[in-house]
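*Asks:*
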Amino acid sequence: MFLSLKGVTKRFGEVVAVDHVDLDLSEGEFVCFLGPSGCGKTTLLRLVAGLETLDEGEIRLEGHDLAALPARMRNFGVVFQSYSLFPNMTVARNVAYGLECRKWDRSRISERVAEMLDVVHLGKDAGKHPHELSGGMQQRVALARALAPEPSVLLLDEPLSALDAKVRESLRGEIRELQQRLGITTIMVTHDQDEAMEMADRIVVMNGGRIEQVGTAEDLYWSPQTRFVGEFIGRLNILDTPALRAGIDTPSDGAVLAIRPEHVALSESGALEGTVQRVAFLGNTMRLGVETGGQDVEIEVHGRRRRLQVGDTVRYDFPADRVCRLAATPA
Amino acid sequence: MSAADTSSPSSRLFEADRLFGIVLVAATALLLVVFVLVPLWAILKNSFVTPEGIGLGNFIRYFTDARFLGIVGNTFEVGISVSLTTLVLAYGYAYAIQRTCMPLRPVLRIVALLPVFSPSLVQALGLQFLLGRNGLINRTFGTEIDIYGFWGIYIADVVYAFPHAFLILSAALAVADARLYESAESLGAGPWRIFRTVTLPGTRYGLASAAFVVFTIVITDFGNPVVIGGNYSVLAVEIYNQVSGQANFAMGAVIGVLLLLPAALAVTGEKWIARRQFASLTSQSVPLKPQPSAGRDTAWFVYSLIVAACILSLVAIVIYASFVRLWPYNLSLSLRHYQFDVQNGIEPLWTSIKVAIVTALLSVVFVTGAAYANHAYPNRASRFLYFLAILPAAVPGMVLGLGYILAFNTPGQPVYWIYDTILIIAFCNLYHYHAQGFLLATTNIKQISTTFDEASSTLGATRVKTVWRIILPMIWPTVLGVGVFYFMRAMVTLSAVIFLITPSTQLAAVSVLYLDDRGALNQAAAFAVCIMATVVAFLLVAQLVLRLAGVRGVSLVR
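Taken in order, these protein sequences are the chains called E and L.
For the first sequence, the numbering used here assigns the number 1 to the initial residue and increments by one for each residue that follows.
For the second sequence, the numbering used here assigns the number 1001 to the initial residue and increments by one for each residue that follows.
Below you can see the structure in the form of structure tokens.
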């Protein structure tokens, strides 16, 4: 394995921020740490970067233990959420900084700086200071700065969350494309599931300092293993009432049954019947809140012409292959 | 949290960054111990030394002596009365400047700060010229006002303490949430009710903080009481008389301990209050912008002009007196007092400037270093370091100075060699004002996001490189501010250095005292003017440097 984490644990006083995390990354992979705030994803990234010290466990890069290496000797490129460009230096000096620290030749430095700035399309802004650039441009400079010293791993700590929605969208594609072109192993921390699903090869869903599930976007969407993952990625109906579970094997191990709103099939011949409580028209989709047997079921309908009204009665089915069994997540 | 420290392998002990941190913290701590704790310990130890051995004899003798008890009473009388007066006057003045639209506010602000630019005895000197036996008032109106004693100290110290209270209260009044005022108004509250229920509670921490600061400054002030106190003695003067007059170091040490206690209490109170000050404004607050109101603005303008005139008159009369032939008999103008043909001539001024420059340079290195060490290496050791760094706030200058002679004036002491050089004076200044300089630097360093540190280290930089390339270029205006603060204080301080000067290291502020003591009032005035001119000139240069570098928002006067 290229980068491997074993039993990685970090405590802040009484709080266990990262709790025995095991994870393997292969070379050139793009992995996202996804989870709500406080789930330990940023701490885990900082442990990999060497900005925090491990309490337990080990992190190995190509078999070498990193414990004794401080951040500055790991040769990992890090991009922070915001404001990490040195305000007293020009864009070019910022990008050159890591190279100067590595004692590169002057001529090689200026070549590399020019090359990196071209890569992020900021060649003409080399002489500007960070405050003269927009947020998106600053983050591209930060990316160039992190990549300039040819790091073995690129670490991105919520790099897009301080930016406008529009800029965020375009940078997503840009970062992903750059990562693939350079083939650099990358870890990105985010709390935005769309971002994770669009960019990552694999997503690590974290909760309470632990890994809930690791998998591709499809894995997580189609077969979430825990209730937490199911609810965090996309929307989910948990089937609580016996009326709704009719005809489905009820799991005996404390797991719950669930179905996504878009998988509920409306049909005249449906086995279940409910009353429409809410209707939200969202353009190409319509989201219904339907009450059946005392429980609210969310149903998403695509491309339906006739608008349903509150109080209408609808019939629907839970297709058997769409109902998933989720392990209850420990609190 | 310390688990991380203990579990890291010992091989990292000598890794460059750790080594830098250890050296930085250790060096800072060592200096603080040597130049703060050791002198304090010397004072404490000496206060128990009696001819019959170690014991409480000195304290017993002190507290059974009615004269000494009277001095303690005097000190508190002055401390409390001056604090109350200064608070009221300065609050009004700061309110007028921050909360009204009266004209000339920038000018009035500078006038309020004038007393900071001169040694504390200059207010008393000015008062002598104005209200003394041969003062302007008595000569002009034939009155026989006797200003020497309580009232002299009272007036001089109110003026002396005024800028310190003004700065704190002005900062407290500068921030306010307009929404509170709008709510109060829409609920039908009148101006007086709004003041009582919104303004005053909003600034209560500033008020308490100013009260403690002023009280400490006043009870430890030496310059004004020694010049104008007459027979009304206070602790700070008494300690000088015991030590310099009678070479009674043990008694000096006893008074030192007595002076240390109330000052320490006041400082502890101030820090305690300062810690709960922050939550008063949130990011959603709407800044209050004073609206013009002719009647109110005029009233406050008149008030401010009167206060400013009082402050200005004390400074102006000193400047005037320095240019007249012989006060008050021959008022024709002359430059003869600027020839300084007495004593060491002009030499003490140059010594003072040298000391001030050395102090400023030392402060730039050591005070900034201490602030960075405390910020960048948070652990148990640095909490002790923080305590040591702000401890000097509770140590009156006279006490620290006496501690320096007691601790360092012994041949064979490792730092004995700095005795009788300007270095001992510079170090004494450095640590006398350490708390203020340290807090100034710390506040600024804290504002710099730690991301810069982290970004720098992930790019491969060592701590030293990060400090040099990233941190310093960002905080240099504050570092300069610390240097300017120290330069100013070193130029005007009297209390801490009065025990440390020798004939070869006499200082300008002390020359003013000696000249005044000797009755050479005109020359004393001229010397005082030179000090003020130097401070103001230095301030202007520093301001110019900041302006040229395009730095805004760094206020140099503190």
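From the three backbone atoms N, C-alpha and C, an ideal C-beta is built for every residue, glycine too.
#1: The beta strand (DSSP E) spanning T1493 of chain L covers which residue range?
#2: Between D1017 of chain L and the rest of its own chain, which residues show a CB-CB distance below 7 Å, the 5 nearest in sequence each way excluded?
#3: Within 7 Å of any Cβ in chain E, is that where the Cβ of G1021 of chain L sits?
#4: Could you spell out the range, first to last residue, of the alpha helix (DSSP H) harbouring A126 of chain E?
#5: I'd like to know whether the C-beta atoms of G183 of chain E and G28 of chain E end up nearer to each other than 7 Å.
#6: Taking the alpha carbon of I1471 of chain L as the point to measure from, which residue in L:N1444, L:T1458 and L:W1350 has its own alpha carbon closest?
#7: What in chain E is Cβ-close to D1341 of chain L, meaning under 7 Å?
#8: According to DSSP, simplified to helix, strand and coil, what is F1408 of chain L?
#9: I1445 of chain L CB to nearest chain E CB: under 7 Å?
#10: Of the residues L:S1081, L:L1180 and L:I1239, which one's Cα is nearest the Cα of P1201 of chain L?
#11: Taking any Cβ of chain L, which residues in the stretch 191-218 of chain E have a Cβ under 9 Å from it, in chain order?
#12: Find the residues of chain E that neighbour K1465 of chain L, judging by a C-beta separation of less than 8 Å, and give them in chain order.
#13: Are the C-beta atoms of S1382 of chain L and some chain E residue less than 7 Å apart?
#14: I need the DSSP call for D334 of chain E, collapsed to helix, strand or coil.
#15: Could you tell me whether any Cβ in chain L is nearer than 7 Å to the Cβ of R72 of chain E?
#16: Helix, strand or coil: which one does DSSP assign to T1199 of chain L?
#17: If you draw a straight line from the C-alpha of L1030 of chain L to the C-alpha of N1379 of chain L, how long is it?
#18: According to DSSP, is D194 of chain E part of a helix, a strand, or is it coil?
#19: List, in order along the chain, the chain L residues whose C-beta lies closer than 7 Å to that of A49 of chain E?
#20: Could you check the C-alpha separation between V1557 of chain L and F1452 of chain L for me, to the nearest Å?
#21: If you follow the beta strand (DSSP E) that H1432 of chain L is in, where does it begin and where does it stop?
#22: Any beta carbon of chain E sitting closer than 7 Å to that of S1010 of chain L?
#23: Buried or exposed: L1258 of chain L, going by 16 or more other Cβ atoms within 10 Å of its Cβ?
#24: What ranges does the beta strand (DSSP E) occupy inside the stretch 113-167 of chain E, keeping only unbroken runs of at least 3 residues that lie completely in it?
#25: According to DSSP, is S1332 of chain L part of a helix, a strand, or is it coil?
#26: By DSSP, does L282 of chain E sit in helix, in strand, or in coil?
#27: Quick one: residues in its chain with C-beta nearer than 8 Å to the C-beta of Y335 of chain E, no 5 flanking neighbours on either side, listed in chain order?
#28: Quick one: give me the first and last residue of the beta strand (DSSP E) that F76 of chain E is part of.
#29: At what residues does the beta strand (DSSP E) containing S4 of chain E begin and finish?
#30: Taking any Cβ of chain L, which residues in the stretch 35-47 of chain E have a Cβ under 9 Å from it, in chain order?
#31: Which of helix, strand or coil does DSSP assign to P242 of chain E?
#32: With 7 Å set as the bound, which would you pick, yes or no: does the beta-carbon of A1461 of chain L sit closer than that to a beta-carbon of chain E?
#33: Sort out for me which residues DSSP pairs V295 of chain E with in a bridge.
#34: Within the stretch 1199-1237 of chain L, note down every full alpha helix (DSSP H) run reaching 4 residues or more, in order along the chain.
#35: Residues of chain L with CB closer than 9 Å to the CB of R145 of chain E, please, in chain order.
#36: Can you list, in chain order, the residues of its chain with a C-beta nearer than 8 Å to that of E14 of chain E? Leave out the 5 residues immediately preceding and following it.
*Replies:* According to the structure data:
#1: Where T1493 of chain L is concerned, there is no enclosing beta strand (DSSP E), given that its DSSP letter is neither H nor E.
#2: Around D1017 of chain L: T1462 and R1463.
#3: no
#4: Taken as a continuous stretch (DSSP letters only), A126 of chain E belongs to no alpha helix (DSSP H), as it is neither H nor E.
#5: yes
#6: L:N1444
#7: What D1341 of chain L touches in chain E: nothing, since even the nearest Cβ is about 51 Å away.
#8: Note: F1408 of chain L maps to helix in three-state DSSP.
#9: Interface annotation, I1445 of chain L: not in contact with chain E, CB-CB separation never under 7 Å.
#10: L:L1180
#11: none
#12: Within chain E, C101 have C-beta atoms less than 8 Å from the C-beta of K1465 of chain L, given in sequence order.
#13: By this cut-off, S1382 of chain L is not an interface position.
#14: Because chain E in this structure spans residues 1 to 331, residue 334 of chain E falls outside the shown range and cannot be described.
#15: yes
#16: helix
#17: About 17 Å.
#18: helix
#19: T1458
#20: 29 Å
#21: Segment I1422 to H1432 is the alpha helix (DSSP H) holding H1432 of chain L; no beta strand (DSSP E) there.
#22: Unreliable placement is indicated for S1010 of chain L, whose pLDDT of 40 sits below 50; no coordinate value is reported for it.
#23: buried
#24: If we require 3 residues or more, the beta strand (DSSP E) runs fully inside the stretch 113-167 of chain E come out as 153-157.
#25: Three-state result, S1332 of chain L: strand.
#26: coil
#27: Residue 335 of chain E cannot be examined here, being either before or after the span of chain E that is shown, 1 to 331.
#28: F76 of chain E -> beta strand (DSSP E) spans F76 to V79.
#29: That run of the beta strand (DSSP E) goes L3 to F12.
#30: Of all residues in the stretch 35-47 of chain E, those with a C-beta nearer than 9 Å to a C-beta of chain L are R46, reading in chain order.
#31: helix
#32: So, interface residue.
#33: In the sequence as presented, Val is not what sits at residue 295 of chain E; that position holds Gln. Its beta-bridge partners are E:T292.
#34: 1204-1219 and 1223-1228
#35: Residues of chain L passing the Cβ test: A1455 and L1459.
#36: none
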